[in-house]
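Report on the following structure.
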Amino acid sequence: MHWRRNVWVLSAGTLIAQIAFSLTMPFLPMYLSELGLTRNISLWSGLMFSINFLTFGVMAPIWGSLSDRYGKRIMLMRSGLGIAATYVLMGVARNHIQLFVLRGANGLVSGYIPAAISLVATTTPEDDLGFALGMVQTANAVGLICGPVVGGAVAQLAGIRGTFFFAAALLAVASFLGFFMTSENVTPSMMRSTVMTDVRSALENPALRVLYAVLFLVQAGTLAIQPTLPLFISEMVRSNVEMITGIIFSLVGISTAIGAPLVSRVPHAKYPATLEGALIIAGILTALQAFTRSALTLGLIRFLFGFVNAAISVTANVLVAYASPKDARGRAYGVLNSVTAVGAVVGPLLGGFLGERFGLASSFYGSGALLGIAGILVASGCSIIAARSPGECGDELRVHEDVIAEEVSEDGPAPSGPRI
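Using the working numbering, the first residue of the sequence shown is number 17, and each one after it goes up by one.
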């Protein structure tokens, strides 16, 4: 198994895919205006983001379960080409309703980066998981930084509609890279189970339950300030607001890209403690942003936040892998993606409510509180998570699957195909 080639190819694919995903996002409100929408543009912009997360959250466990049965490479091809098709259709949309439906369809077929992470986690030796997933997280962060810049250049040359066509082309490249340039050994389970059975087996794992709860809080907390941060910045600067806002947003991606490879060098036995400390620090740094009175101070804190964000992303993804057996990591990450998708919907709604009701600064307090609670949750469940050494990880989930397999065998022969 050429696991190193998988890591490099999928890091490249993740970089290309993330550029494609993020290059269109800054222009959605402007695209709505171009489509003729004149009222409630902010509301519709929020709906465009939310419907994507909601439909992705519904389908993520299904795609994760199928990837365990039929392989991650086919999921990379399916998701990449499926998203590309929706982008092409978005580029020819005639009104905001069509765009809304296509954003929902985009979420239904999404899953390239989760499939890439799952394939890396499945094919990489346990001792090298930190390095491998750190590389993918770095590529993801760099893609987030480069996407808006590339999108701006493409929009300048070919218009907003042109950004969707360009994103579709990038995703086609990422799809073929992921399918033809990687390798895996597909060993489907001997039993046939429903998606709900797969989800149940993951949720019955105590370590995964803790990690899912933690990462829900992380996603909600991190995104809670998204609706209010641009407004918060606009109150402290009087000129070049758009440019300064873009710089402050990009600083987190830059420091995350720098920090992810550094975190991967931490001994795996210290990952639970590292995650706990990073979450506490992240909560403090987020709350401190409410007290800033200059863009320079805010930018510095956001830059520091990116390093702890890298620590959270790398350690949490590795711990999810350690908490599940290799042949069940697709479903483990599938459930995780559903959980974080819900967090991505809840977080901005909570932050927007707090900012509207109690002032913009309150969203930072709420965000910091959620991250702090996540840290406390890791501390309370640290013994459960830490008990999973690389050689022992996933034993409990295997026990649950054995029980389910016995139930299936008692009920009769397995059906000829998966039930979804």
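For each residue, glycine too, the CB sits at the ideal point set by N, CA and C.
Going by DSSP, His112 is part of the alpha helix (DSSP H) stretching over His112 to Val125. Contact between the region 72-80 and the region 156-165 is absent: fewer than three C-beta pairs spanning the two stretches fall below 8 angstroms. Secondary structure of Glu251 (DSSP, three-state): helix. Looking at Pro45, Met197, Asn122 and Met41, the one whose alpha-carbon comes closest to that of Arg20 is Met197. In this structure, the beta-carbon distance from Leu387 to Leu316 does not fall below 8 angstroms. Remark: C-beta atoms of Val170 and Leu39 approach each other more closely than 8 angstroms. In this structure, DSSP gives Met46 a helical state, which the three-state scheme calls helix. Remark: fewer than three beta-carbon pairs, one from each stretch, lie closer than 8 angstroms, so the region 319-327 and the region 40-59 are not flagged as touching. Taking C-beta atoms as the reference points, Val362 and Ser66 fail to come closer than 8 angstroms. For Gly346, the closest alpha carbon among the candidates Pro283, Val136, Arg281 and Phe43 is that of Val136.
Beyond the five residues adjoining it in sequence on each side, Ala285 comes within less than 6 angstroms, by CB distance, of no other residue in the same chain. The Cβ atoms of Met93 and Gly194 lie closer than 8 angstroms to each other.
Restricting attention to Gly167, Arg254 and Pro42, the CA atom closest to the CA of Leu186 is found in Gly167.
The C-alpha of Gly52 lies about 28 angstroms from the C-alpha of Gln34.
In this structure, the straight-line span from the alpha carbon of Val125 to that of Ser396 is close to 36 angstroms. Per DSSP, Lys342 lies in no alpha helix (DSSP H) segment and is marked neither H nor E. Cβ-Cβ separation between Ala183 and Tyr103: approximately 5 angstroms, consistent with a contact (criterion under 8 angstroms). Listed in chain order, the non-local C-beta contacts of Glu50 below 7 angstroms within the same chain comprise Ile176, local neighbours out to five positions each way being set aside.
Under the three-pair Cβ rule at 8 angstroms, the region 225-233 does not count as touching the region 116-134. With a beta-carbon spacing of about 5 angstroms, Leu376 and Phe248 fall inside the 8 angstroms limit used to define contacts. DSSP places Ala190 in the helix class (H, G or I) of the three-state scheme. If you look at Gln34, you'll find it in the alpha helix (DSSP H) that goes Trp19 to Thr40. With a contact defined as Cβ atoms closer than 8 angstroms, Val226 and Leu393 qualify at about 7 angstroms. Distances from the alpha-carbon of Pro246 to those of Ser27, Pro42, Tyr86 and Phe37 put Pro42 closest. Restricting attention to Val355, Gly384 and Ser354, the CA atom closest to the CA of Gly367 is found in Gly384. For the 8 angstroms CB-CB criterion, Leu291 and Ala332 form a contact. DSSP places Ala229 inside the alpha helix (DSSP H), whose first and last residues are Pro222 to Leu239. Between Ala357 and Phe69, the beta carbon gap of about 5 angstroms places them in contact (Cβ cut-off 8 angstroms). The beta-carbon distance between Asn22 and Ser191, rounded to whole angstroms, is 15 angstroms. This is too long to meet the 8 angstroms contact definition. Cβ-Cβ distances below 6 angstroms link Gly73 to Ser354, Ala357 and Val358 in the same chain, with the five nearest sequence neighbours on each side left out; the list follows chain order. When only Cα atoms are considered, Leu82 and Leu314 end up about 43 angstroms apart. For Ser95, the uninterrupted alpha helix (DSSP H) run begins and ends at Lys88 to Gly107, by DSSP. In the DSSP assignment, Leu53 falls outside any alpha helix (DSSP H) and carries neither an H nor an E. DSSP, read as helix, strand or coil, puts Pro141 in coil. Cβ neighbours of Leu44 within its own chain (closer than 7 angstroms, five residues either side excluded): Ser61 and Met64. Per DSSP, reduced to three states, the secondary structure at Ser217 is helical.
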